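Protein chains in written order, with my numbering: chain A, 1 to 332; chain B, 333 to 842; chain C, 843 to 1102; chain D, 1103 to 1413.
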Amino acid sequence: MTDPKTPPLLQVEDLRVSFGAGAHETRAVDGIGLTVERGRTHGIVGESGSGKSMLSLAIMGLVPDSGRIASGRIRLGGRDLAGLPYREMQAIRGKRIAMIFQEPMTSLNPLYTIGRQLSEAIRAHDRRASAREIRNRAIELLRRVRIPSPERRVDDYPHQMSGGMRQRVMIAMALSCGPELLIADEPTTALDVTVQVQILDLLRELQDETGMAMIFITHDLGVVAAVADEVSVMYAGRVVETGTARNIFEDAQHPYTLGLLGSRPRLDRNLHRLPTIEGAVPPPFDLPPGCRFEPRCAFATPDCAAACPGLRPFGGNHLAACFRAPVKEIAR
Amino acid sequence: MDSVDRRDFLLGLGAGGLVLAAGPAAAQATPAQGGTFSIGLQDSLDTLDPTFSIQFAERRILHLVYNTLVSIGTDFSVKPELAASWEIENDGLRYVFHLQDGVSFHDGTPFDAEAVKFNIEHRLDESVGSPQRSRLDPVIDSVEVIDPLTVAINLKTAYPGLLGDFADRAGFMISPAAVAKFGEDFGSNPVGTGAFTLTEWVRGTSVTLDRNPDYWEDGAPYLDRIVFQTIPNTIIGLQRLRVGELDYVDNLSPDDLRQIEGNDEIKTEAFPVGLWYSLQWQVDKAPFDDLKLRQAVAHALDRDRINQIMMNGQANVANSPTPPGLWWSTDAPYPYPYDPEKARALLAEAGLEGGALTLTTPSTPIYRRLNQLVAEQLGEVGLSVTLEPVESSQWYSRVVSKAVNFTPMSWSQRADPDGLFYILFSSKGHANTTGYNNPEVDALLDEARNLLSPEERKPLYTEAAELIVHDLPYVPLFFSASFAAMSQAVDGVILTPDSIPRFRYVSKSA
Amino acid sequence: MTAVTLRRITGLTLIAFVALAGIFAPWLSAFDPNASGYDILYPASAEHPFGTDDLGRDVFTRVLYGARISLVIGPAAALIVALIGIPIGLVAGYAHGRADQMIVQVIDLFIAIPAFVLALIVMAMIGASLPNLVFVLGLVMWPEMARLVRGQVKSVRERLYIEAADAIGCSRTRILARHIWPNIMHTIAAQLAITVSTAIFTAASLGFLGLGLPPPAADWGGMVQSGFDYLSLNPWLSIAPGCAVAMTVMGFYLLGRTID
Amino acid sequence: MLNFVLRRLMWVLPNIVLLTFLLFAVVTNWLGSPASMMLGTDASPEAVAELNARYGFDRPVVVQYLQWIGNAATGDFGRSYATRQPVAEMIGPAIPVTLELTFWTMLLAISATLVINSIPVGKHVVGALTTGISIVGVTVPNFLLGATLISIFSVSLGWLPTTGWRPWSDGIFTHLQHLILPVLTLSAYYFSTFSMIYRAEYRQVEQQLFVRVAEAKGISRRAVSFLHVLPNAILPLVVYIGTSIGNLVGGAVVTETVFSIPGLGRLFVSAIARYDFPVMLTMGMITLAGVMLMNLAAELILALLNPQIRL
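This is the structure in structure tokens:
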């Protein structure tokens, strides 16, 4: 899977994103590592507040002004993006890494036609293109995301489109410069179930066409199962378990992963389920001293409250951060 | 602020005894030619039609655009202007004027006897509504054109002030043709015979006058252009004078002069006779119908202190309506010296201790200052005074309509005693706004009006003045000190005792 | 400390400063604010911190006493605004349909009239005095208050529990007093502080145009105006009362401004 | 759109008529006979009576008003009592003056508001600074600011002319030189109010997802601020300017007085002071019409900016 000669497309190492300073410092992302190979899809799973969106913003170089990348590296094809100034990131954003967001209803500027917003994305990385050329490319992009009669819709305003349509526009915008990596941050969460399926299909088809890699962020394991090659599970700013989709879905080691799997509604199997995980992700300014999942963990021992477990291998690239792993046996 | 003009100049026949310092007119032998003369103007202008003009500031412009029938000098003497000479016939009931030859209006129409007749009858015409009508109508019977350059005016009654009026607003000659042409808009399109013509009037900002190349007086005018620029107050006027944006600013108090002390490029001059500042009230109406109250107020006022504070001590405290140095001046002692004890005693006698008075306060800074001092001093003898602000432009009409009972006042000095005495103190005087009616004073003034020689008239005015000062229709306060400041390059500004500077013969060296 | 708290504290400090200056004026200055003197238009000195005015009065003293006038005008005008604007706003906010529409029309009509211009006209007509000034300020400022109160009532009413209270048959006054008023009180209080600041600001502007309190009242706006003629002899004559206006206005403004 | 404008105008006209009628009635009842004002002080009762009859001042207020509004509709606003000029001639030259003053002021205030509050760099410092300036700006009276500016730049430094207004014909430089201080004075207040409204909205808009999206496209910070945040954040400002233009008039009145600018504000003040009724009335009407037209203009601009609003 991994070709030792060429580096992976994206390699995140020990990334920390902090807000505030000194005693008030909080880490939204705390020492995360992540590898995305070309053409593959890496799913990131976690509840809201787990830091998965901040991770994606950090990769985009869009950490809000109040925060910063405190340490770590984000290598894109070998080049470290962490700490690059906004201006230099400008050439990479949209061009090599593109992103689509959770809320299609608000992710388009209500004052401009979608054509104009698409053109802006194209022109940002191709200053020589003529207006006509750009417009044709915008229409072509709309066609590629299966928007009917794109010649007409290109002049529509966002409020004239449905949520699913807007998400297609967002995808078109992300594809406009042929990115190597697409970060999709909960792209289907806000949509109806039928539309969700359409969008996922579309993404998969487009990935086949273009060969781009994808980071697919979601809290929905079902969606991950449908799209991801590799999966990382995040909890309170850290990766607690990572591996291939098969590793995670069939051989989960971490109690949190198991909890997530259990809380997923499964229609196909009527298995005895773990109880839904009680409580919520602790906020970054109020983390427990030891394992961050310890307060909610059914398997916790006093040791868990004393120190924070690191990732341990469980065969191949399958890693999990739990003192008590594997826990499946215990559960049984 | 606007100030309604009532410093009307009433000139008498016998201005004999009075000699005031001559203006700077004669200072330079050959005036420099050309240039623009910029004047700071504090008051607003409403109209340049002399028929309707009531704003004091308008008249300095009227004197440039128009000529008067006769004029007055700095010594109060009557001089020829449009009338080259005149005779008074029929015991002062008929005036015959011989006009200058070859004078024409700016529109090219000739100035002649018909024009004079039109001008006077225009002002007398009730449908025109000139504010001068009430003044002229009781006096003028008819106007006769004798020949194109001779006009006679027949009077209903002897009136020593007629020539004075003709040196003033009633004497400005306007073009009959232009009146017919512009109608109600004549005030914005003035046409006269004067040394300058109106070029542009940006209301509220500036008035630009250009030299009249066909002006009839030899040599004059010397300037190419005169610009009046509106200034909001004296400080800004002086500032602009200092930087050279203006050449001339006036209406300056002694305090204002402190701002330009030691500036070599600016010279200052005092107006020859100041305004007579006083307090007036209605003597036929409560509470001021009580002489004791009037006397108490007079005793309560420390006029030296007022002079010191307002005029830096440079004004003359007034003991009567007449300043010292005129032939009808008296040195009778003022019967109501500053004496708060006596004032309190008089109030007690009148049963008015702790009384409350309302003093009308026009929005002019000088009245505002004066009234606050008056209120303070009357407060010290137990009279509480409320100051009631009135917009300056509304103020005098309220005084005339007797809507105002207690107010400060100021009058400019006249060349003839009949001027002020008759209009203010005779029960028939048109500017008698106090309701003062003393038959003795009336008789004295009527008698003096029909006498010619100062020697005969002086005792009558002296007696009248004593009665008036005793009766206190006015409390005399002081004769103000007022200054003009101008660039050293300027020559020929004439500061007349009527407080209207004349700019017609101004020249400016480069 | 949040920005709002900081602003409130600054505002209260300024108001307290001005109020104390007004209250303790006789102790802070040995002069009578209305007593003339022979030192005309003196520049600032140890004896006269802001110099003297055109009647030889101590400007510092007059600025101190001026605080008393401003602190009467502002709150008194705000009281009138409250008495007219709040009831009308409450009624309009609670009324439905036509009644509400009509009141809103009236409020909108009044709001269309520029407040300052209206104040100018009315002051010129009825003449300057303290009660007239307060009346005029109240007259021109109530529509803003009425509009605010109406909007607040409407938004609180939209919340479900009022409908519920309606449904269980609470009387309207009871609903207003128990449910609506506590929710809008704070906004109204803040608006009143703003009203005080606007009133003082407007009164000073009228005074500057010569339509304020008649002399010799130590009216800040009037002092600025009469000092204008002597800016080069003693600039404090205008600047000191002008700064006093700014301080007081700012005090109430900071107190009332709850948004960023 | 046209329909909307017409509908709104239909609504504006009766309002103006109603308000001017109120003004008319109040003024005629309070001020007494306009005839005595026109004739001056020493008018005889006969003359007053004659003039009353000639101008119809003896008729009922409603009749007089109808006549006035009828004449006004044809552009004849009567003659000033004080200057005897046709009112239209007096007001005519003042309109461009005030419009120009307003134009520069608005240009400065709005562009300063938008630029200063949209610059993507140094937000904390700039933000704190503008908040401070805004608070000072809305609380410092115009006359104080004007007096201070005059005393510094004109009296002490002598850099700029103190007051006054010069027409374009005096040269562009002179003309603009006289505009600097009044425009600065007036825009300080506007900048402050505008800034407060704009900043609050800007911060809200900045949080919107589409701003993130725009950044993710790889366009510059400046483009994000000015092309995406600004056009959205400006909308409440447009509404504010439209609805509060009347209150902004007050500042113009004071500023024109401080700097002796012959604009509408000063004309209005002097007309009020002299009870120059025809001028007052016409000015009142112009002001009201201006306020209502600005409201309308604001709505139209809003509709142009925001495709979601349909008129």
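A virtual CB, placed ideally from N, CA and C, is assigned to each residue, including glycine.
Nothing here was measured: the structure is a model prediction, and the numbers come from that model.
Indicate whether residue i and residue j have their beta-carbon atoms separated by less than 8 Å.
i, j, result
"P1284/D", "F1361/D", "yes"
"A1325/D", "E1303/D", "no"
"L883/C", "Y1072/C", "yes"
"T257/A", "V233/A", "yes"
"G366/B", "D556/B", "yes"
"A924/C", "M987/C", "yes"
"L809/B", "L611/B", "yes"
"L530/B", "V397/B", "yes"
"G1353/D", "S1294/D", "no"
"A389/B", "L380/B", "no"
Within a Cβ cutoff of 7 Å, which residues of the same chain sit near residue i, ignoring the five residues on either side of it in sequence?
i, result
"T1143/D", "Because the pLDDT of T1143/D is 43, which lies under 50, any placement of that residue in the model is unreliable, and the question is left without a value."
"L878/C", "Per the sequence shown, residue 878/C should be read as Ser rather than Leu. For S878/C, where only same-chain residues beyond five positions count, the Cβ hits under 7 Å are L897, G898, R899."
"P1380/D", "F1179, G1180, R1181, S1182, Y1183, V1189"
"I1363/D", "V1199, L1203, W1267, P1284"
"N644/B", "P586, D587"
Keeping to the same chain, check which residues put their C-beta closer than 8 Å to that of residue i; ignore five residues upstream and five downstream.
i, result
"N270/A", "Low local confidence applies: a pLDDT of 44 at N270/A is under 50, so the model's placement there is unreliable, with the coordinate-based value given in what follows. Closer than 8 Å at the Cβ level, and outside the excluded window around N270/A, lies no residue."
"E278/A", "R296"
"P463/B", "F384, I386"
"L1418/D", "Residue 1418/D cannot be examined here, being either before or after the span of chain D that is shown, 1103 to 1413."
"T847/C", "none"
"V145/A", "R168, V169, I171, A172, L175, L202, L206"
Which chain D residues are close to residue i, counting only those with a beta carbon under 7 Å from its beta carbon?
i, result
"R312/A", "Correct list: empty, because the minimum Cβ distance to chain D is about 35 Å."
"A924/C", "Within chain D, no residue comes near A924/C; the closest Cβ sits about 20 Å away, beyond 7 Å."
"V1091/C", "T1241"
Against chain E, does residue i count as a neighbour if the rule is that its beta carbon must be under 8 Å from one of theirs?
i, result
"P1380/D", "Given the protein chain composition of this structure (A, B, C and D), no chain E is represented."
Just the chain A side, please: which residues come within less than 7 Å of residue i by C-beta, in chain order?
i, result
"S1322/D", "Q90"
For residue i, go through chain D and note every residue whose CB falls closer than 8 Å to its CB, in chain order.
i, result
"M173/A", "V1315, K1319"
Could you list which residues in chain B have their beta carbon closer than 7 Å to that of residue i, in chain order?
i, result
"P1243/D", "The contacting residues do not exist; P1243/D stays about 17 Å from chain B at best."
"P1364/D", "V534, R535, G536, T537"
How would you list, in chain order, the residues of chain D whose beta-carbon sits under 9 Å from the beta-carbon of residue i?
i, result
"T379/B", "A1184, T1185, R1186, Q1187"
Between residue i and the rest of its own chain, which residues show a CB-CB distance below 6 Å, the 5 nearest in sequence each way excluded?
i, result
"S759/B", "N769, D774"
"W613/B", "F620, N737, F738"
Validate contact between the segment 1339-1356 of chain D and the segment 1293-1307 of chain D using beta carbons, cut 8 Å, 3 pairs
yes
Members of the segment 1256-1268 of chain D that neighbour chain B once the beta carbon cut-off is set at 9 Å:
S1256, V1257, G1260, P1263, T1264, T1265, G1266, W1267, R1268
Taking 8 Å as the threshold, find out whether the segment 84-93 of chain A comes into contact with the segment 56-68 of chain A through three or more Cβ pairs.
yes
Residues of the segment 1328-1353 of chain D in Cβ contact with chain A at a cutoff of 7 Å, in chain order, please.
H1330, P1333, N1334
Counting pairs of Cβ atoms below 8 Å between the segment 599-607 of chain B and the segment 773-782 of chain B, do you hit three or more?
no
Output, in sequence order along the chain, the residues in the segment 559-575 of chain B whose CB is closer than 8 Å to any CB in chain C.
P564, N565, T566, I567, L570, Q571
Beta carbons nearer than 7 Å to chain C: which residues of the segment 1112-1124 of chain D have them?
N1117, L1121
Interface positions of the segment 928-961 of chain C facing chain D (Cβ-Cβ less than 7 Å), listed along the chain:
L951, A954, I955, P956, A957, F958, V959
Would you check if there are 3 or more beta carbon pairs closer than 8 Å linking the segment 565-579 of chain B to the segment 1069-1089 of chain C?
yes
Short-range partners of chain A found in the segment 1169-1202 of chain D, where Cβ spacing is below 9 Å
none
So, does the segment 792-804 of chain B touch the segment 764-781 of chain B, judging by three or more C-beta pairs under 8 Å?
yes
Do the segment 448-464 of chain B and the segment 741-757 of chain B meet, that is, are 3 or more Cβ pairs less than 8 Å apart?
no
Answer yes if the segment 750-767 of chain B comes into contact with the segment 703-721 of chain B, meaning at least three C-beta pairs across the two stretches below 8 Å, and no otherwise.
no
With 8 Å as the C-beta to C-beta threshold (strictly closer), list the residues of the segment 1028-1050 of chain C near chain D in chain order.
S1039, F1043, T1044, A1046, S1047, F1050
Please confirm if the segment 592-602 of chain B is in contact with the segment 400-409 of chain B, defined as three or more CB-CB distances below 8 Å between the two stretches.
no
Mind checking the segment 121-136 of chain A against chain D and listing, in chain order, the residues whose C-beta falls within less than 7 Å of any C-beta there?
A121, A124, H125
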